[in-house]
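Colleague: Residue 1 is where the sequence shown starts when you use the UniProt record's numbering, and the numbers rise one by one after that. Quick reminder that beta carbons are idealized off the backbone N, C-alpha and C, glycines included. Below is one structure. I have some questions about it.
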Amino acid sequence: MNETQSVVRSLRNCFGSSFYLVGLLKFTGDALGFVGPLVLSALVQFIDNKTEPMLFGYLCAAALCLASFTAALCNVHFNFKVSEIALRMRIALISTIYNKTLRVSSADLSKFSSGDIVNMMSIDTDRIINFCPSFHAFWSLPLQIGVTLYLLYAQVGLAFLAGLSFAVLLIPVNRWIAVKVGKYSGEMMTAKDKRVRLLNELLTGIRVVKFYAWEKHFRRRIEQLRAEELKALKARKYLDALCVYFWATTPVLVAILTFATFVLMGGTLTSAKVFTCMALFNMLISPLNAFPWVIGGLVEAWVSLKRVRKLIQLPNMDSGSYYSSKRVEPDAQATLIMEQAEFSWQLGNDGFRLSDLNLRITKGQFIGVIGKVGSGKSSFLQAITGNLVKRNGSIYVRNWQQGVAIVTQEPWIQRGTIRDNILFGKPYDAGKYRVVLEVCALNADLRMLTEGDQTEIGDNGDKGFYLMDDVLSAVDSQVARHLVDSLLVDYLRNKTRILCTHHAQFLQSADWILVFEDGQLISQGPPSKILTSSLDGSNPTGRQVKSTCPELDEREAAIPLEEDRCTGQVEFDVISTYWKAVGMYVSPIILAMLLFMQSTRNVSDWWLAHWVSELQNETINGTLIVGGGDDYDPTFYLAVYGGIAAANTIFTFFRAFLFAYGGLKAATFLHSRLVDVVLQAKMIFFDTTPVGRILNRLSSDVYAIDESLPFVLNIFLAQIFGLLGTIIVTCVGIPWISLLLLPLGFIYFNLQHFYRHTSRELKRLSTVTLSPIYSRFAETLSGLVTIRATDNSTARFAQENLDMVEDNVKTQFASQAAANWLGLRLQLIGVAMVTGVGIFAVVQHHLHTVDPGLVGLAISYALSITGVLSGVVTSFVETEKEMVSVERVHAYIQRLPAEPSASSRVALPMSWPSQGCITFQRVSMRYREHFPLAVKDINFEIRPSEKVGIVGRTGSGKTTLFQILFRLAEICSGEVQIDGVNIQSLSLFDLRSRLAIIPQDPFIFSGTVRENLDPTSQHTDRQLWKCLERCHLKETISRWATGLSTDVQERGKLFSVGQKQLLCLARALLLNSKVICIDEATASVDAETDRLIQKTIRSAFRHSTVLTIAHRLETIMDSDQVAVMSAGQLIEFDSPSKLLENPVSHFSQLVNG
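Here you go:
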């Protein structure tokens, strides 16, 4: 798709010719549809006229058969071809949106949230491809209406203008409704984008949300956004209900106005006129009903097209103009050259900048980059990879077309195996793979996993330029030294390497050092010159202990990559759930209104037939006998006819608005319950379920429950009552048709039964194959820097996305093929029934057992039987398909493993915990049933206000202790007490809200700085500024004009990773809890800032019990106790001095290397 063109023009160039040609099939089918009323007129005249030969009657029946059969073939092939084109458009749109995100710069892409783009790929794409049938309906429906009105004129003359005038008066009403629908659709999509974006952030940071007990706060935020969405949805649904009311009542009102005017103008009603007009009125129902929906669909498609166009028309990253051309000698060996270079994250004048950069890095050099938090180290690497806006100067990167290898500060992990993440699309070379594992110090970690290298990690293969952003902050001293010596110095010795780090002690072997401050390169030189001042006052050994990545503790089993799906028919329990969601009283009232609406409609037609029959008895040879018809009073017949029509409009009104009310009630209830169960789910659910899969439930499935399901269910119920009414009226008019109905009914039942089983499973397959597309897209958005940096990854990811979209489209194509297979057979059943009605009418006429009025009524109804039969099964299948969304939501509501929700069994004082005494008594825990124990028989006691350091290798169980303390994972034996209270006796909110944690992964959500610091609004701005000052963030935030009201953007894009961690520290300071858990809170800050932070922690938490998972040993050397974990066991627990006295202790070995 060409981005320089509009989306519509691009789609037209790709699919226009085939799309326009299928219109010929549509035109032919519509034209043949008018043969029925014309033949009906001739057939009724034949029955009225006793002198016509029987052959003429049979010729009329044959004409009905041939016309309806040919129309059926044209209509089915049209539907199949249109659906095929729509699916091809779907592939093009999703692939274009995905590919665009890969090619647009980070600065331009920041204009859209992840929720915006996810909605573009799902909801907006669906709306745009729905344009395909809507376009042909847009020209076809007015044509059908025009021809129908002309035929009405031929039957009743100018009297048809009375009915037409009413229909014309509805045009501006429908236009007003369409405009309002478009307005509210835009508002609804805006609110939906905000909700999906918040849900995406929430699911990404769910662990931290549970640590802080913020579920209620996020629940309120989600409900606020949902309320905005429902406000627009409610307006739309009630406007739709108004449309339904007008559409359903228009044919009845047009009929009574037309016939009343015809009679008052002196015309005489005959069977032929009445029932030809009845058939034409029935033909008006579909166009009049569908046209406002078509307009609404076109408006929605236009709204979505404009949204997608904003993304598509963004300029692609122009690497050719971003990077300068290749240098000539003597710079032939240069890998990176910057001259007076200036970069920023955004095009405007606001935001962080790198300025006045001048440097030259030659091939094979090892470059160290240091500086304080927020100084621009990470931005420097982003500038090299082309993800910033170049504002001035020049940048040259050798062989930039071949890409670079980059390890970002926030590790990007794909869903897949460790091996898949390491290879990153490269072919497997066993020898090289083993060497890479060794130099990256991964062998020891892999040996701890039962599945070996089948879990997770991330980086790419063989490049000439390697960028590493703070990769040493999360590994222990031995591993850090091993990575520097074995990987950076030895294995990559012939490659250009840039390492951003806060650990200057590891840069002694670098060739050159760059020092950043406030976006400027303030100093550069060899390590001997630069590092003297950087290391002054710091611990020269830089001892570290590895932090724990909780995922490695928990995910010993392979991650489930395939989504479970239900099989068989939708269970009654699911239907019952939706029934109850609509309302136990509302649901039966809606059904009653539908019954009364259809009954009054059929009774009004019967009364018309009765009127014509009575009139026929007063007529000789079609002429009314004046003076002999004392019993004939047209006013009486008109009054009764009008009364029945008025009752029909009342029932239709209540049916339309009650249905809208019930659908909104169900949408509100099911979304609320779904959000509740997701927020209350255990962490193991989130650790084993991709975010995209959960988001699919909360976006696509919720959209189906909001919009699609009420729409198709409304149609299905109207169709089923319409079918019953048609069968009853036809059998009353021509009793012999019941002989044909029995075998046709048997065939019909078997066809729909066979098709429903097929279509239902295809819908489930379609839904299951859709989740990986969302999951991959969410992964792509978070890993764009890594993907773009490599040479072939962009193309590989685009192809993999295309493969997944094609897998999904295959299931949808099979579903469409099955639907058209059924459609053809149902239309053939309709052909058989129409033919049978015609033949039986002729036979009954021959036997003189026919009432012309009832026969005409029966034939007029039979002409619509094809559409009704098809409509019933199609709408039933579509309803069942959409009920799959309810099924999926119901499955989450019923089956998600929920955290304990019981209230506290003990009365806690407001000051609890007042001392901070923590006791573990023989505690063991496993993450899932049948899994090995994650921690085994842990015993220790921490006295009030003690400071305890926790050390150990990855997977040793350090972070697991925190999860036990916060009850993110429940113990299987033992007891944990805080101030003598068993934490199992407390509610999760009471426990978690009384403790404080500074997590390993900083979680920042979209909103203001104030909201991120104090989501529950319990503190004053003065207190917030004081905490920011103590965390050394006040200067940074005060520089922004809006201060605490500054929007931090999605996932805190405004902050560096180090600044995010400082913001999380400020949260803990605000809580002022007696128990503080610190999980590598300063892993991504420089040594100087770390010293200041440690000083703040010692001062602010001097009266609190502090548990610290250490990343620098010097931060815990003054602790009261040190806990050494290994393989889930507590192997040492004593003061640091005593542990160091024993040279063979594990702690001594860590300290002494």
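Measure from the alpha carbon of Asp48 to the alpha carbon of each residue in Lys936, Ser987, Gly157, Ser613, then state which is nearest.
Modeller: Numbered from 1 along the sequence shown, position 48 holds the residue referred to as residue 48. With distances taken between Cα atoms, Asp48 lies closest to Ser613.
Colleague: Thinking Gly368 and Thr496 are a contact (beta carbons under 8 Å), I'd like their distance in whole angstroms, please.
Modeller: In the sequence shown, the residue the question calls residue 368 occupies position 368. In the sequence shown, the residue the question calls residue 496 occupies position 496. About 13 Å separates the two Cβ atoms, so there is no contact after all.
Colleague: Going by CA-CA distance only, name the one from Gln1061, Leu199, Ser41 that's closest to Arg220.
Modeller: Position 220 of the sequence shown, counting from 1, holds the residue named residue 220. Here the closest residue by C-alpha is Leu199.
Colleague: Would you check if there are 3 or more beta carbon pairs closer than 8 Å linking the region 659 to 667 to the region 733 to 750?
Modeller: They do not touch, by the three-pair rule.
Colleague: Give every residue of the same chain whose Cβ lies closer than 6 Å to the Cβ of Ser904, excluding the five residues on either side of it in the sequence, and list them in chain order.
Modeller: The sequence position of residue 904 within the sequence shown is 904, counting from 1. For Ser904, where only same-chain residues beyond five positions count, the Cβ hits under 6 Å are Leu986, Ser987, Asp990.
Colleague: By the three-class DSSP mapping on this structure, what secondary structure does Ser355 have?
Modeller: Here residue 355 is taken as the residue at index 355 of the sequence shown, counted from 1. Three-state DSSP puts Ser355 in a strand.
Colleague: Output needed for Val471: all residues of its chain with C-beta closer than 6 Å, excluding positions within five of it in sequence on either side, in chain order.
Modeller: In the sequence shown, the residue the question calls residue 471 occupies position 471. So the list reads Val407, once near-sequence residues are dropped.
Colleague: When you compare the CB positions of Ala1066 and Leu1028, do they come within less than 8 Å of one another, or not?
Modeller: Along the sequence shown, read from residue 1 onward, the residue named residue 1066 stands at position 1066. Along the sequence shown, read from residue 1 onward, the residue named residue 1028 stands at position 1028. Cβ distance < 8 Å, so Ala1066 and Leu1028 count as in contact.
Colleague: Do you know whose CA, among Leu863, Trp302, Asn696, Ser355, lies nearest Ile395's CA?
Modeller: Mapped onto the sequence shown, residue 395 falls at position 395. It is Ser355.
Colleague: I'd like to know if the region 759 to 776 and the region 813 to 826 are in contact, where contact means that at least 3 CB-CB pairs between them fall below 8 Å.
Modeller: The region 759 to 776 is in contact with the region 813 to 826.
Colleague: Extract the residue ranges of the beta strand (DSSP E) inside the region 271 to 318, only unbroken runs of 3 or more that lie entirely within it.
Modeller: Correct list: empty.
Colleague: Can you tell me whether DSSP reads Gln827 as helix, strand or coil?
Modeller: Here residue 827 corresponds to residue number 827 of the sequence shown, with the count starting at 1. Helix at Gln827.
Colleague: Going by the beta-carbon positions, is the gap between Leu1113 and Val1151 smaller than 8 Å?
Modeller: The residue given as residue 1113 occupies position 1113 in the sequence shown. The residue given as residue 1151 occupies position 1151 in the sequence shown. Contact: yes.
Colleague: Residues in its own chain within less than 8 Å of Asn621 by CB, not counting five upstream and five downstream?
Modeller: In the sequence shown, counting from the first residue as 1, residue 621 sits at position 621. Low confidence applies here, because Asn621 scores a pLDDT of 43, under 50, leaving its location unreliable and the question unanswered by this model.
Colleague: According to the Cβ coordinates, are Ala645 and Leu284 closer than 8 Å?
Modeller: Indexing the sequence shown from 1 puts residue 645 at position 645. Indexing the sequence shown from 1 puts residue 284 at position 284. Contact flag unset, no.
Colleague: Cutting at 6 Å between CB atoms, please list the residues of its own chain near Phe653, excluding the five before and the five after it.
Modeller: Within the sequence shown, residue 653 is the residue found at index 653, counting from 1. Closer than 6 Å at Cβ, skipping near neighbours: Tyr245.
Colleague: Using alpha carbons as the reference points, say which of Gly374, Lys426, Ala430, Leu467 lies closest to Gly519.
Modeller: Numbered from its first residue, the sequence shown carries residue 519 at position 519. Among Gly374, Lys426, Ala430, Leu467, the Cα nearest to that of Gly519 is on Gly374.
Colleague: Leaving out five residues on either side along the sequence, give the residues of the same chain with a beta carbon under 7 Å from the beta carbon of Leu242.
Modeller: Indexing the sequence shown from 1 puts residue 242 at position 242. For Leu242, where only same-chain residues beyond five positions count, the Cβ hits under 7 Å are Ile177.
Colleague: Could you tell me how far apart the beta carbons of Gly856 and Ser271 are, in whole angstroms, since I believe they sit closer than 8 Å?
Modeller: Along the sequence shown, one-based indexing puts residue 856 at 856. Along the sequence shown, one-based indexing puts residue 271 at 271. Sure, about 5 Å apart at Cβ, within 8 Å.
Colleague: Contact defined as beta carbons within less than 8 Å: I believe Leu1107 pairs with Ile1078. What is the distance between those atoms, to the nearest angstrom?
Modeller: Within the sequence shown, the letter at position 1107 stands for residue 1107. Within the sequence shown, the letter at position 1078 stands for residue 1078. So it is a contact: roughly 7 Å between Cβ atoms.
Colleague: On a CA-only basis, which of Phe1055, Trp139, Ala667, Gln977 is nearest Gly376? Give me that one, please.
Modeller: The count along the sequence shown starts at 1 and reaches residue 376 at position 376. Nearest C-alpha to Gly376: Phe1055.
Colleague: DSSP on Thr541, reduced to helix/strand/coil?
Modeller: Translated into positions along the sequence shown, residue 541 becomes position 541. Note that Thr541 scores a pLDDT of 37, beneath 50, so its modelled location is shaky; the value from the coordinates is reported in the next line. Coil, per DSSP.
Colleague: Does the beta carbon of Ala162 sit closer than 8 Å to a beta carbon anywhere in chain C?
Modeller: Structure shown: chain C not included; a single protein chain is present.
Colleague: What did DSSP end up calling Trp512 once you bin it into helix, strand or coil?
Modeller: As a first step, residue 512 must be located in the sequence shown, where it is residue number 512. Here Trp512 sits in strand by DSSP.
Colleague: Where does Gly583 fall in DSSP's three states?
Modeller: Sequence index remark: in the sequence shown, residue 583 carries index 583 (1-based). It is coil, neither helix nor strand.
Colleague: Relative to the alpha-carbon of Ser344, which residue among Gly320, Gly296, Gly393 has its alpha-carbon at the smallest distance?
Modeller: Here residue 344 corresponds to residue number 344 of the sequence shown, with the count starting at 1. When each option's Cα is compared against that of Ser344, the closest is Gly393.
Colleague: Going by the CB atoms, is the gap between Phe721 and Leu594 shorter than 8 Å?
Modeller: Walking along the sequence shown from the start, residue 594 turns up at place 594. Walking along the sequence shown from the start, residue 721 turns up at place 721. Cβ atoms of Leu594 and Phe721: closer than 8 Å.
Colleague: Given Ile206, which residues of its chain have a CB within under 7 Å of its CB, disregarding the five upstream and five downstream residues?
Modeller: Translated into the one-based positions of the sequence shown, residue 206 becomes position 206. Excluding positions up to five away in sequence, the list reads Phe686.
Colleague: Please name the residue in Leu24, Glu970, Arg756, Glu201 whose C-alpha comes closest to that of Glu929.
Modeller: Translated into the one-based positions of the sequence shown, residue 929 becomes position 929. The shortest Cα separation from Glu929 among Leu24, Glu970, Arg756, Glu201 belongs to Glu970.
Colleague: Can you tell me the Cβ-Cβ gap for Ala167 and Thr250, rounded? I've got them flagged as a contact below 8 Å.
Modeller: The residue you call residue 167 lines up with position 167 of the sequence shown. The residue you call residue 250 lines up with position 250 of the sequence shown. Their Cβ separation, rounded to whole angstroms, is 6 Å, which keeps Ala167 and Thr250 in contact under 8 Å.
Colleague: Tell me whether Tyr238 sits in a helix, a strand or coil according to DSSP, three-state version.
Modeller: For this step, residue 238 is matched to residue 238 along the sequence shown. Of the three classes helix, strand and coil, the one that applies to Tyr238 here is helix, per DSSP.
Colleague: Nearest to Lys810 by alpha carbon, out of Ile91, Ala301, Cys74?
Modeller: For the purposes of this step, residue 810 is identified with residue 810 of the sequence shown, where counting begins at 1. With distances taken between Cα atoms, Lys810 lies closest to Ile91.
Colleague: Quickly, what does DSSP pair Cys500 with across the bridge? List them, please.
Modeller: Here the question's residue 500 lines up with position 500 in the sequence shown. Its beta-bridge partners are Val369, Asp469.
Colleague: Using DSSP's beta-bridge definition, name the partner residues of residue 1161.
Modeller: With the chain running from 1 to 1153 in the structure shown, residue 1161 is simply not present.
Colleague: Which residues in the same chain have their Cβ closer than 7 Å to the Cβ of Ser875, if we skip the five residues on either side of it in sequence?
Modeller: The sequence position of residue 875 within the sequence shown is 875, counting from 1. Counting only Cβ-Cβ distances below 7 Å, and skipping sequence neighbours, we find Val712, Ile715, Phe716, Gln719.
Colleague: For Glu923, I'd like the list of residues in its chain whose CB is within less than 8 Å of its CB, leaving aside the five on either flank, ordered along the chain.
Modeller: Indexing the sequence shown from 1 puts residue 923 at position 923. Sequence check: residue 923 is Val here, not Glu. So the qualifying residues of the chain are Val935, Asp937, Ile938, Asn939, Ile964, Ile971, Ser973, Gly974, Glu975, Val976.
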